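Under the numbering used here, think of the first position of the sequence shown as 4, with each following residue one higher.
Using N, Cα and C, we set each Cβ at its ideal position, and we do this for glycine too.
Model, not experiment: these values are computed from the prediction.
Encoded as structure tokens, the structure appears first; notes follow it.
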Amino acid sequence: MPANPTPEPEPEPLEGSAGQRSGGTPAEAVTPLIRGITVLRELTDANGTLSLSALERATGLARSTVDRITATLARMGYVRVDGRDVFLAPRLMELGNAYLAALRLPSLLSPYADALADELDESVSLAVADQDGIRFIHQATRRRAMSLSFRIGDLLPAERTAPGPLFATEWTPADWQRWRERRAADPRDLSFTAVPPRTHGLDATHGTNPTHGSNPAHGSNPAHGEDFDFVRRTEEASAHGWALDDQLIEPGLVAISVPVRGEDRKVACVASVVSHTSRHTAHGLREALLPRLRSAVARMEEELHRTPPPEPGPRPADLALWTGASKLQLGRDFIESLARGLTVLTAFGEGRPRLTLTEVAQATGLARATARRALITYEHLGLMTTADRTFALTPRVLSLGFPPLSRTTLPEIAQPHLAALTSRIHESTALAVLVEAGEEIQYTARVATGRVMSVNIAVGTRLPAQATASGRVLLADAGTTVHTQGYALVDEELEEGLRSLAVPIRDREGRVVAALSTATHASRHSPHECVTALLPELTTTATHIESDLHTASRFTRVPLT
Ligand code: PHB
4 MPANPTPEPE PEPLEGSAGQ RSGGTPAEAV TPLIRGITVL RELTDANGTL
54 SLSALERATG LARSTVDRIT ATLARMGYVR VDGRDVFLAP RLMELGNAYL
104 AALRLPSLLS PYADALADEL DESVSLAVAD QDGIRFIHQA TRRRAMSLSF
154 RIGDLLPAER TAPGPLFATE WTPADWQRWR ERRAADPRDL SFTAVPPRTH
204 GLDATHGTNP THGSNPAHGS NPAHGEDFDF VRRTEEASAH GWALDDQLIE
254 PGLVAISVPV RGEDRKVACV ASVVSHTSRH TAHGLREALL PRLRSAVARM
304 EEELHRTPPP EPGPRPADLA LWTGASKLQL GRDFIESLAR GLTVLTAFGE
354 GRPRLTLTEV AQATGLARAT ARRALITYEH LGLMTTADRT FALTPRVLSL
404 GFPPLSRTTL PEIAQPHLAA LTSRIHESTA LAVLVEAGEE IQYTARVATG
454 RVMSVNIAVG TRLPAQATAS GRVLLADAGT TVHTQGYALV DEELEEGLRS
504 LAVPIRDREG RVVAALSTAT HASRHSPHEC VTALLPELTT TATHIESDLH
554 TASRFTRVPL T
């Protein structure tokens, strides 16, 4: 069904909506959209996967509802259902990407954060305020075993971080009130799944902060002392222009933060250097690293102030048409109002940070009434804010899958695609990368067939690059020796009776980063058959893997192995 073209008179702005349902839900909010968002959030909090029955328990929804929601999300490529388990899928990152692209800060500032991490050999992060929490929008992480490291999209309670007091310098009385209410409702931070729960008074043996020890001066409720401490830290942050985290999250973890201000002089985001007490005390961090953090932040601010707003990026494809077609195909199992509602988030992006209702409707192809109800729903869920008749995504959009998906590797991205390919062509399939300066290839993912005579190569196996089809497509891109027509066919070179066919997998810049291959016994397919029957299947699968890779790597680094 194309969008309903009838222009209906409607109350604007959105506050004009009629009544409220129970629990403060606006009467016009779209229930299936609220439920779909709940499913995505539960999967995110569970680190990316739950069984269908666990999802039923976590959401309180009926099994039939969970089934229809997951079928709809699977159709959109946002989850994958494998037997009884549901997995978040890389495509879902397009929602968080829409927020990060609209925000602009990651693309402008992350090169400076990465350079600082290299210079200091410490982790550097960028965070934005999310109500009374902080949410990471970039991480330049040094791999060290000692501390937990946070992911893009992780939400932390402001008072247990270094960026928190810097954001709190701009809080209104209403913001402080909301924070106090949250502290009272969740004294152990159980709603913040990325941090260890508070252990009041139970582990008072380390650090100088009061979070980990109850101070008798603060009476019987240790939370009072901690909350007073946050007020004091905010005053200090306001006076100094920096703030410390002295093991507020976990023993050993220390951080120092400085605000990055926009042209309006408001805090646009906060840059932090994160270390461990085995290398720096919190105060040592300030002495050793604050000057270099400050000069990096000065360069970030220059970049922000001098770069003009980008031209609007491409609009999404006509998603309303797509959802209509899906409804025709899947019938009752496809919840069109959920799919349509989710497409509203993808209307935002680079050069499109704020949109009017009309612009959202145009960008998505949805009827104004449909777009409007989705916007009301998102505002209610805290995923959208509205001002002057325009709408903008909030950092909370990152809570829709981004943290677990931001850690996905290329072999993990490829695995379900290999499985689908193998089941279509009945041959084993594999992914490989170049190692040893191009001398060898290494298999990083593989799906075997049930055939007795299947070619058996375990993940991790290395082979000489020149002798394999995968090696040849990888070397062709490196500009050496070999020329391919977009694929390589190796006939009984490596081993008698073995025939293999490979195609390249390219990253966002067009570089070949991996090879997708299938290996078959020569008796099963002639060389001609390999090219006519198997090559199109391989090429299609490579396109799907690339599409996921390009979505996943827009704002995060996707490891190739
Ligand atoms: C981090 O980037 O991991 C980080 C930043 C600030 C903190 C704690 C952790 O206070």
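In this structure, Glu31 places its C-beta atom within 8 Å of the C-beta atom of Ile379. Excluding five sequence positions before and after Thr237, the CB atoms of its chain that fall closer than 7 Å to its own CB belong to Pro168, Ala171 and Thr172, given in chain order.
In this structure, the straight-line span from the alpha carbon of Pro419 to that of Ala536 is close to 21 Å. The shortest C-alpha to C-alpha distance from Asn50 to any of Leu552, Leu408, Ile428 and Ala470 is the one to Leu408. Between Ser473 and Ala505, the gap from beta carbon to beta carbon is short of 8 Å. Around ligand 1, the residues whose beta-carbon falls short of 5 Å from at least one of its heavy atoms are Ser128, Phe153, Thr164, Ala165, Asp248, Ala258, Ser275 and Val277, given in chain order. Per DSSP, the beta bridge partners of Tyr446 are Ala435. Distance between Thr75 and Arg60, taken at the CA atoms: about 19 Å.
Relative to Arg235, the option among Arg302, Ala165 and Ala555 whose CA is nearest is Ala165. Residue environment for Ser281: exposed (fewer than 16 other C-beta atoms within 10 angstroms of its C-beta). Where Arg145 is concerned, there is no enclosing beta strand (DSSP E), because DSSP gives it neither an H nor an E. Going by DSSP, Thr34 is part of the alpha helix (DSSP H) stretching over Thr34 to Asp48. With respect to Ala517, Gly352 sits apart: the two C-beta atoms are not nearer than 8 Å.
Contact between Pro93 and Thr554 is confirmed by a C-beta separation of about 6 Å, below the 8 Å threshold. With fewer than 16 other beta carbons inside 10 angstroms of its own, Glu184 counts as exposed. For Arg560, there is no enclosing beta strand (DSSP E), as DSSP gives it neither H nor E. Assigned with DSSP and collapsed to three states, Thr471 falls in coil, not helix or strand. The beta carbons of His141 and Ser126 sit no closer together than 8 Å.
If you look at His420, you'll find it in the alpha helix (DSSP H) that goes Leu413 to Ile428. Rounded to whole angstroms, the Cβ separation of Pro319 and Thr367 is 7 Å, and the two are in contact under 8 Å. In the DSSP assignment, Ile252 falls outside any alpha helix (DSSP H), carrying neither H nor E.
Close CB contacts of Ala291 within its chain, under the 8 Å cut and outside five residues either way in sequence, are with His283 (chain order). For His308, the enclosing alpha helix (DSSP H) starts and ends at Ala285 to Arg309. Nearest C-alpha to Gly99 among Ile72, Ile252, Thr47 and Thr62: Thr47. Inclusion of Pro414 and Glu443 in the CB contact set at 8 Å is not warranted, their separation being larger than that value. Boundaries of the beta strand (DSSP E) harbouring Val131: Ser126 to Asp133, taken from the DSSP string. Following the DSSP letters along the chain, one finds Thr521 inside the beta strand (DSSP E) bounded by residues Val515 to His524. A straight-line Cα-Cα distance of about 23 Å links Pro507 and Arg410. Between the alpha carbons of Phe231 and Trp179 lies a distance of about 12 Å. In this chain, the alpha helix (DSSP H) harbouring Ser110 covers Leu108 to Leu123. Scanning its chain for C-beta atoms nearer than 6 Å, with the 5 sequence neighbours on each side dropped, one finds around Ile548 the residues Ala417, His420 and Ile508, in chain order.
In this structure, Arg375 is the residue among Ile428, Leu401 and Arg375 with its C-alpha nearest to the C-alpha of Gly344. Secondary structure note for Arg355: it is in no alpha helix (DSSP H), with a DSSP letter that is neither H nor E.
Exposed is the label assigned to Ala242, since fewer than 16 other Cβ atoms lie within 10 Å of its Cβ. Straight-line spacing of the CA atoms in Val198 and Met96 works out to 22 Å.
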